[in-house]
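Here it is as structure tokens:
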């Protein structure tokens, strides 16, 4: 019974390796770029730039 369980686990492990093995080789990962603000920074106590007067 233990031998059967070991064979099953080994087979599943080999199958998982074959599924994920070659796919990641051709993928290039790009570093995340920071968001660039279009307008000036709105201060903490300044009114909302949209004109609503809230904030």
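Numbering (the working numbering), first residue to last: 5 to 59. In this text, a Cβ means the ideal position worked out from N, Cα and C, and glycines have one as well.
What residues in its chain sit with their C-beta under 7 angstroms from that of residue 58, if we drop five residues either side in the sequence?
For this step, residue 58 is matched to residue 54 along the chain shown. Result list for residue 58: 52, in chain order.
Straight-line CA distance for residue 32 to residue 39?
Taking the chain shown and counting its residues from 1, one reaches residue 32 at position 28. Taking the chain shown and counting its residues from 1, one reaches residue 39 at position 35. Distance between the alpha carbons of residue 32 and residue 39 is about 21 angstroms.
Helix or strand or just coil, what does DSSP make of residue 50?
Mapped onto the chain shown, residue 50 falls at position 46. It is coil, neither helix nor strand.
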